[in-house]
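S.K.: Questions regarding the structure given below will be posed in turn.
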DNA sequence: CTTGTATTGGACCGAACAGTCCTTAATTTT
DNA sequence: AAAATTAAGGACTGTTCGGTCCAATACAAG
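Protein chains in written order, with the working numbering: chain A, 353 to 545; chain B, 353 to 545.
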């Protein structure tokens with residue numbers, strides 16, 4: 353009954369997510385969010401609560417989307433190829449016309465996690481999740497022969513997770529796509545020996 | 353001639369640095385800076401210019417101090433031990449009573465570098481500098497036998513630089529000192545094989 | 001067509017923001 | 001001691017912040 357919403361809630365959330373993704377939490381003002389979503393102030397507050405609530409919702413939407421992507425990409429064969437694609441796709445937007453995005457979880461590890469337990473917990477979960485899926489992929493790789501290293505899959509996965517924020521930092525610091533690819537190439541040699 | 357300054361400029365800069373270091377640029381207000389430095393508004397503006405100028409000055413002071421530390425630590429013998437000490441000292445404050453600090457350059461790579469060329473340039477310089485000093489240290493280590501790996505020192509250095517932001521992220525995400533040490537231990541195995 | 005309910009736009013709020021400016025105070029030089 | 005010079009304190013600015021509130025509106029149910 354009564355008047356229906358004029359906007360698509362999940363679409364609005366997606367737009368808000370991009371805004372936070374691009375500029376972080378503090379630097380994204382409510383004005384930015386209104387412009388990004390196209391909502392009016394009252395609609396935004398009625399639908400999502402305050403800025404912080406909207407952020408957490410957007411962050412969770414981001415995390416869910418990324419987790420889906422990761423599972424899809426890492427299912428490829430052979431596993432080694434899947435892992436490379438996984439990393440490669442995370443920096444798909446580098447040096448495109450689009451602004452730099454990188455991984456929102458890493459950005460938030462730096463910006464909010466130290467001062468905000470709710471964010472911190474999410475970041476920790478994301479890192480652990482990444483370690484888990486990479487461990488599985490590397491394990492598969494060791495079986496199908498695409499990952500030569502005999503070290504425990506978990507250790508190798510931890511190494512990759514450890515290096516991931518480094519790639520993110522390089523991307524944000526303006527390194528070229530070529531340089532990022534080289535760094536990844538170098539990183540993947542750890543899977544060989 | 354005339355009235356002398358009541359405060360120590362470099363000391364005030366140091367306090368401002370800690371404030372920016374702890375909370376980042378956006379989240380550190382002028383009020384925070386006044387409280388941290390103990391200056392009055394007019395003194396701060398007369399001495400350092402605006403917030404951004406003060407930030408850049410503080411950032412440069414930080415970078416200089418860190419570069420000095422790095423050189424000092426990495427001069428130790430044997431080189432392998434020096435490298436471990438180097439990484440270890442970067443996270444000395446983790447799990448202490450002090451708040452989390454980590455590396456300011458990495459924090460700024462995430463926060464300001466994408467949108468601020470002056471910051472971006474500094475971050476790139478810092479990463480390159482880190483690669484350079486680590487390359488030299490690893491080279492020494494290969495000569496004195498403390499670094500067993502036969503891979504080019506530069507490649508190994510790049511691997512360490514790549515992993516460094518990962519340690520920073522772990523620290524900011526609240527990982528324990530033990531977990532950080534384990535991650536470093538794992539990382540250093542790359543110098544062995 | 002009336003009634004009821006939910007959405008909408010925008011006026012409005014106090015607080016905090018970075019930054020300016022002027023008066024007052026302190027110290028050296030003359 | 002007086003003059004000159006500069007630091008320090010704090011009042012003040014306009015703007016923007018996140019957030020609230022209300023009146024107008026639009027739709028569905030009866």
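Just so you know, even glycine gets a beta-carbon here, dropped at the ideal spot from N, CA and C.
Assuming residue 474/A and residue 415/A form a contact by the criterion Cβ under 8 Å, report the distance between their Cβ atoms to the nearest whole angstrom.
M.R.: 7 Å
S.K.: Give a yes or no on whether the minimum CB-CB distance between residue 459/B and chain A is below 7 Å.
M.R.: yes
S.K.: Hey, how far is the Cα of residue 470/A from the Cα of residue 527/B?
M.R.: Pairing residue 470/A with residue 527/B, the inter-Cα distance amounts to about 15 Å.
S.K.: Measuring only between beta-carbons, confirm whether residue 430/B sits less than 7 Å from chain A.
M.R.: no
S.K.: Closer than 7 Å, CB to CB, is residue 452/B near chain A or not?
M.R.: Judged by the 7 Å Cβ criterion, residue 452/B is in contact with chain A.
S.K.: Anything in chain B within Cβ reach of residue 538/A, meaning under 9 Å, just list it in chain order.
M.R.: 507, 510, 511, 514
S.K.: Residue 356/B to residue 365/B, Cα distance in whole Å?
M.R.: Residue 356/B and residue 365/B: Cα-Cα distance of roughly 18 Å.
S.K.: Assuming residue 443/B contacts residue 532/B (C-beta within less than 8 Å), just tell me the rounded distance between them.
M.R.: Right, the Cβ-Cβ distance comes to about 6 Å (below 8 Å), so this counts as a contact.
S.K.: Looking at the C-beta of residue 378/A, does it have a partner C-beta in chain B at a distance below 7 Å?
M.R.: yes
S.K.: If the cut is a Cβ gap below 8 Å, which residues of chain B does residue 408/A touch?
M.R.: In chain order: nothing, as chain B lies at least about 16 Å away.
S.K.: Consider the Cβ of residue 388/A: report whether some Cβ of chain B lies at a distance smaller than 7 Å.
M.R.: no
S.K.: What's the gap between the Cα of residue 456/A and the Cα of residue 406/A?
M.R.: 15 Å
S.K.: Determine, using beta carbons only, whether residue 524/A comes closer than 7 Å to chain B.
M.R.: yes
S.K.: Give the straight-line distance between the Cα atoms of residue 513/B and residue 400/A, rounded to the nearest whole angstrom.
M.R.: 40 Å
S.K.: Is residue 472/A close to chain B, meaning its C-beta is less than 7 Å from at least one C-beta of that chain?
M.R.: Chain B contact via Cβ: present.
S.K.: Please look up how many angstroms separate the CB atoms of residue 536/A and residue 519/A, rounded, as I've assumed it's under 8 Å.
M.R.: 7 Å
S.K.: Find the residues of chain B that neighbour residue 479/A, judging by a C-beta separation of less than 7 Å, and give them in chain order.
M.R.: 525
S.K.: With DSSP as the reference, label residue 453/A as helix, strand or coil.
M.R.: Coil, per DSSP.
S.K.: Here's the rule: buried if 16 or more other CB atoms are within 10 angstroms of the residue's CB, otherwise exposed. What is residue 363/B?
M.R.: Counting Cβ neighbours within 10 Å, residue 363/B comes out exposed, since fewer than 16 surround it.
S.K.: Report the residue from 505/A, 373/A, 447/A whose alpha carbon sits nearest the alpha carbon of residue 491/A.
M.R.: 505/A
S.K.: Return yes when the C-beta of residue 356/A is under 6 Å from any heavy atom of the ligand NAP, and no when it is not.
M.R.: The model depicted lacks the ligand NAP and carries no ligand whatsoever.
S.K.: If you check the beta carbons only, do residue 372/A and residue 398/A fall under 7 Å apart?
M.R.: With contacts defined as CB atoms closer than 7 Å, residue 372/A and residue 398/A fail to qualify as a contacting pair.
S.K.: Alpha carbon to alpha carbon, how far is residue 487/B from residue 436/B? Give it in angstroms, no decimals.
M.R.: 14 Å
S.K.: Hey, how far is the Cα of residue 501/B from the Cα of residue 421/A?
M.R.: Residue 501/B and residue 421/A: Cα-Cα distance of roughly 36 Å.
S.K.: Looking only at its own chain, which residues have a Cβ that is under 8 Å from the Cβ of residue 298/B, when we skip the five neighbours before and after it?
M.R.: No answer is possible for residue 298/B: it lies beyond the span of chain B, which begins at 353 and ends at 545.
S.K.: So, is the C-beta of residue 497/B closer than 7 Å to a C-beta in chain A?
M.R.: no
S.K.: For residue 358/A, which of 432/A, 396/A, 383/A, 476/A has the nearest alpha-carbon?
M.R.: 396/A
S.K.: Using C-beta distances below 8 Å, list every residue in its chain close to residue 417/B, excluding the 5 sequence neighbours before and after it, in chain order.
M.R.: Exclusion of the five residues before and after residue 417/B leaves no residue of its chain whose Cβ lies closer than 8 Å to its Cβ.
S.K.: Using beta-carbon positions only, say whether residue 489/A and residue 419/A come within less than 7 Å of one another.
M.R.: no
S.K.: In whole angstroms, what separates the C-alpha of residue 525/B from that of residue 452/B?
M.R.: 10 Å
S.K.: Alpha carbon to alpha carbon, how far is residue 423/B from residue 482/B?
M.R.: Roughly 10 Å separates the two Cα atoms.
S.K.: Rounded to the nearest angstrom, what separates residue 521/B and residue 354/B at their Cα positions?
M.R.: When rounded, the distance between both Cα atoms is 49 Å.
S.K.: Spatial neighbours of residue 479/B within its chain, please: C-beta separation below 7 Å, excluding the five flanking residues on both sides.
M.R.: 513
S.K.: How big is the Cα-Cα spacing for residue 515/A and residue 438/B?
M.R.: 18 Å
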